[in-house]
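A quick write-up on the structure given underneath.
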Amino acid sequence: MKSVHLVAALVALLATAVVAAFVLRAPRLDLPVAHPAPTAGSQSIYFGMGCFWGGEKRMREVPGVSAVEVGYAGGDAPKVSYEDVLGTERAIRAGVSHARNHAEVVKVTYDPAKADLAAILAAFWENHDPTQVGGQGNDIGSNYRSAIFYTTPEQKAYAIQTRDNYQKDLTRAGFGTITTEILPVRNYNRAEESHQDYLLKNPDGYCGIGGTGVKFGLGGARLPPLDGATLNRSQQLVMYEADDCAYCERFDKEVMASWTSSVPIARTKVPQAPTGWTLAKNLFATPTIVLFKNGKEVSRYTGYTGDKAGFWKWLGFQLLTPEQQSIAFESGTEAPGTGPYLDEHRPGTYVDPITGVALFRSDAKFDSACGWPSFFEPKPGALVFIDDDSHGMHRTEVRSASSGIHLGHVFDDGPPPTGKRYCINGSVLKFIPDATAKR
Numbered sequence: 224m225k226s227v228h229l230v231a232a233l234v235a236l237l238a239t240a241v242v243a244a245f246v247l248r249a250p251r252l253d254l255p256v257a258h259p260a261p262t263a264g265s266q267s268i269y270f271g272m273g274c275f276w277g278g279e280k281r282m283r284e285v286p287g288v289s290a291v292e293v294g295y296a297g298g299d300a301p302k303v304s305y306e307d308v309l310g311t312e313r314a315i316r317a318g319v320s321h322a323r324n325h326a327e328v329v330k331v332t333y334d335p336a337k338a339d340l341a342a343i344l345a346a347f348w349e350n351h352d353p354t355q356v357g358g359q360g361n362d363i364g365s366n367y368r369s370a371i372f373y374t375t376p377e378q379k380a381y382a383i384q385t386r387d388n389y390q391k392d393l394t395r396a397g398f399g400t401i402t403t404e405i406l407p408v409r410n411y412n413r414a415e416e417s418h419q420d421y422l423l424k425n426p427d428g429y430c431g432i433g434g435t436g437v438k439f440g441l442g443g444a445r446l447p448p449l450d451g452a453t454l455n456r457s458q459q460l461v462m463y464e465a466d467d468c469a470y471c472e473r474f475d476k477e478v479m480a481s482w483t484s485s486v487p488i489a490r491t492k493v494p495q496a497p498t499g500w501t502l503a504k505n506l507f508a509t510p511t512i513v514l515f516k517n518g519k520e521v522s523r524y525t526g527y528t529g530d531k532a533g534f535w536k537w538l539g540f541q542l543l544t545p546e547q548q549s550i551a552f553e554s555g556t557e558a559p560g561t562g563p564y565l566d567e568h569r570p571g572t573y574v575d576p577i578t579g580v581a582l583f584r585s586d587a588k589f590d591s592a593c594g595w596p597s598f599f600e601p602k603p604g605a606l607v608f609i610d611d612d613s614h615g616m617h618r619t620e621v622r623s624a625s626s627g628i629h630l631g632h633v634f635d636d637g638p639p640p641t642g643k644r645y646c647i648n649g650s651v652l653k654f655i656p657d658a659t660a661k662r
């Protein structure tokens, strides 16, 4: 009868696997999640998925799960704390301990009469990379190993059977062998309260990249990577994001929503290079913004907590020449009469060379004979002004509001109607002529 039950459950799994897949669902985690209360017949199973903050977040959203908590299990010590686990791992790496360390785990509670255990296991397989050895992503160590710690014979049978089925899916998709250990639970310790519901308490916390992208029970089907043939091979940015990632949402709202940079940016939830292109190394967290040149990764920016200036500075160091970098980020100055645009008279717009945001129009430009491009009026909101007492003088520094780069200074000896002279380094401007402008 048990084998019949297993087959029936696996058939049901095929219908629910996509619903359980992290890569396709995007539940919001800033609101409490309603779960049925645990019943007298509830059971628990323990999953090691790398950092237990992300694992708890993902398993909480699986239909039929009544409770989740994080802790440590599978090690030799009966009682441990977070610091104990870290200390044991350091001792193991140093070769002074041969103890078996605990893994960070998510304790998942469910009612077998109401929940589909196979679907819960499918969510476990899909939401991390079970083929990685010695950790998950950039969380390296045996304390971050992939594991299933069961409490009933039925859980063990389901774990083994789903593992074998998922291995077939992974193999078809080009992945290696599953390394997940499947053992009875041993020495479970509930983690400190600060770790419980961590990403509900800290929605801007660490976001892992997710799983392999391979869906359980669908023959190795996976979301396709970006098509390299449709992108700008010479210079292209790609934002790698994940579902329910607060960092990603913030970057999208604060940076991508108003993107005007000349460098195109694409977005994907598949942690792979565009087809025909190459990443320098694996992706470990979201958002990660990768700059590709000639189809190869040249730099990346990982994580975003609202530091727009930091992001634009990173991009600026990839796009600007050393001379431009000195002016933009070290408040340098080009020698008078040496910069570009002194003799530029076509109608058009002068923009930030990194963000592409408009700074000045050509009809506000005038010849001040000072040796630098001069303007009497900026675009509204394009600049920020900072008191500058360097070099024994009191001046007003001008910076780009969008990227924060240094542009020059503003003086009160300009022409009407403003009476201002914005003395700007031409090297940190980019001129875009109007479509009707003649060369």
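Under this note's numbering, the first residue of the sequence shown carries the number 224, and numbering increases by one thereafter.
Where a beta carbon is used, it is the ideal one built from N, C-alpha and C, also for glycine.
Quiz prompt | Assumed close pair Tyr-463, Thr-511 - CB separation to whole angstroms, cut-off 8 angstroms | solution = 5 angstroms
Self-check item: Residue range of the unbroken beta strand (DSSP E) whose run includes Gln-384
Solution: Not the beta strand (DSSP E): Gln-384 falls in the alpha helix (DSSP H), residues 376–395.
Practice problem: Give the single residue among Ala-624, Arg-644, Ser-626 whose Cα lies nearest to the Cα of Val-632. | Solution: The residue you asked about is not Val; residue 632 is His in the sequence shown. Of the listed residues, the one whose Cα sits closest to His-632 is Arg-644.
Quiz item: Skipping 5 residues on each side, what residues in its chain have a beta carbon closer than 6 angstroms to that of Arg-523?
Solution: In chain order, Thr-511, Val-513 place their CB closer than 6 angstroms to the CB of Arg-523, counting only its own chain and leaving out the 5 sequence neighbours on each side.
Practice problem: Have a look at Gly-428, Thr-561, Val-437, Asp-387 and flag the residue whose alpha-carbon is nearest the alpha-carbon of Ala-396. | Solution: Val-437
Exercise. Could you give the DSSP three-state label for Asp-362: helix, strand or coil?
Key: DSSP places Asp-362 in strand when its eight states are reduced to three.
Quiz item: Is Thr-641 near the ligand SAM, with its Cβ less than 7 angstroms from a heavy atom?
Solution: Although the ligand SAM was asked about, the structure shown includes no ligands whatsoever.
Exercise. Just tell me which of Cys-468, Glu-404, Lys-653 has its CA closest to the CA of Trp-669.
Key: Nothing can be reported for residue 669, as the shown portion of the chain is limited to 224 through 662.
Quiz item: Phe-245: buried (16+ other C-beta within 10 angstroms of its C-beta) or exposed?
Solution: With a pLDDT of 28 at Phe-245, under the threshold of 50, the modelled position of that residue is not reliable, and no figure is offered here.
Exercise. Could you tell me the distance, in whole angstroms, from the CA atom of Ser-549 to the CA atom of Ala-558?
Key: 13 angstroms
Quiz prompt | Of the residues Gly-615, Phe-634, Gly-637, Ala-605, the one placed nearest Ser-626, counting alpha carbons only | solution = Ala-605
Quiz item: Using the beta-carbon count (16 or more within 10 Å), is Leu-252 buried or exposed?
Solution: Caution applies to Leu-252, whose pLDDT of 32 falls short of 50 and renders its modelled position unreliable; the value that the coordinates give is listed next. Looking at its Cβ environment, which holds 16 or more other Cβ atoms inside 10 Å, Leu-252 is buried.
Quiz prompt | Chain-order list of residues whose beta-carbon lies under 7 angstroms from that of Thr-509 (same chain, five-residue window excluded) | solution = Same-chain partners within the cutoff: Cys-430, Ile-432, Tyr-463, Glu-464, Ala-465, Cys-468, Tyr-470, Cys-471.
Practice problem: Count the other C-beta atoms from every protein chain shown that fall within 10 angstroms of the C-beta of Thr-453, then say buried if there are 16 or more, exposed otherwise. | Solution: By the C-beta density criterion, Thr-453 is exposed, having fewer than 16 other C-beta atoms within 10 angstroms.
Exercise. Please state if the CB of Ala-346 and the CB of Ala-326 are separated by a distance shorter than 8 angstroms.
Key: no
Quiz prompt | Distance, Thr-641 Cα to Ser-554 Cα | solution = 25 angstroms
Quiz item: Under a three-way DSSP split, which group does Phe-439 fall into?
Solution: coil
Quiz item: Are the segment 646–654 and the segment 556–572 touching, with three or more C-beta to C-beta distances below 8 angstroms?
Solution: yes
Exercise. With Glu-327 as the anchor, note down where its alpha helix (DSSP H) starts and where it stops.
Key: No alpha helix (DSSP H) holds Glu-327; the beta strand (DSSP E) holding it covers 326–333.
Quiz prompt | Run of the alpha helix (DSSP H) containing Arg-644, from where it starts to where it stops | solution = Careful: Arg-644 lies outside any alpha helix (DSSP H), inside the beta strand (DSSP E) at 644–647.
Quiz item: Do you know offhand how far Ala-489's Cα is from Tyr-573's?
Solution: Near 25 angstroms, if we compare the C-alpha coordinates of Tyr-573 and Ala-489.
Quiz item: By DSSP, does Arg-473 sit in helix, in strand, or in coil?
Solution: Arg-473 falls in the helix class under three-state DSSP.
Practice problem: Could you have a look at Tyr-527 and say whether DSSP puts it in helix, strand or coil? | Solution: coil
Quiz item: For Thr-629, which of helix, strand or coil comes out of DSSP?
Solution: Here residue 629 turns out to be His, not Thr, going by the sequence shown. If DSSP states are grouped into helix, strand and coil, His-629 belongs with the strands.
Self-check item: Under 8 angstroms between C-beta atoms of Gly-287 and Lys-330
Solution: no
Quiz prompt | Residue from Pro-447, Asp-387, Pro-426 with nearest C-alpha to Phe-691 | solution = In the structure displayed, the chain extends from 224 to 662; residue 691 sits before or after that span and is not available.
Quiz item: Hey, how far is the Cα of Ser-484 from the Cα of Gly-360?
Solution: Distance between the alpha carbons of Ser-484 and Gly-360 is about 31 angstroms.
Quiz prompt | Whole-number beta carbon distance between Phe-634 and Gly-571, since they are thought to touch under 8 angstroms | solution = Actually they are not in contact, since the Cβ atoms of Gly-571 and Phe-634 sit about 24 angstroms apart, beyond 8 angstroms.
Practice problem: Could you tell me whether the segment 413–420 touches the segment 354–373, where touching means 3 or more Cβ pairs closer than 8 angstroms? | Solution: no
Practice problem: Whole angstroms is fine: what's the gap from Tyr-269's alpha carbon to Val-478's? | Solution: 39 angstroms
Quiz item: Does the separation of the CB atoms of Thr-402 and Val-356 fall below 8 angstroms?
Solution: Yes, Cβ-Cβ distance for Thr-402 and Val-356 is below 8 angstroms.
Exercise. Could you tell me how far apart the beta carbons of Gln-378 and Leu-340 are, in whole angstroms, since I believe they sit closer than 8 angstroms?
Key: 7 angstroms
Practice problem: Ignoring anything shorter than 3 residues or poking outside the segment 542–599, list the beta strand (DSSP E) runs there in chain order. | Solution: 571–574, 581–584
Quiz item: How would you call Asp-590, buried or exposed, if buried means at least 16 neighbouring beta carbons within 10 angstroms?
Solution: exposed
Quiz item: By Cβ distance, which residues of its chain are closer than 6 angstroms to Pro-301, with the 5 residues on each side in sequence left out?
Solution: Asn-410
Practice problem: Spatial neighbours of Ser-734 within its chain, please: CB distance less than 8 angstroms, with the 5 preceding and 5 following residues excluded, ordered by chain position. | Solution: No information on residue 734 is available, as it lies outside the stretch 224 to 662 that the chain covers here.
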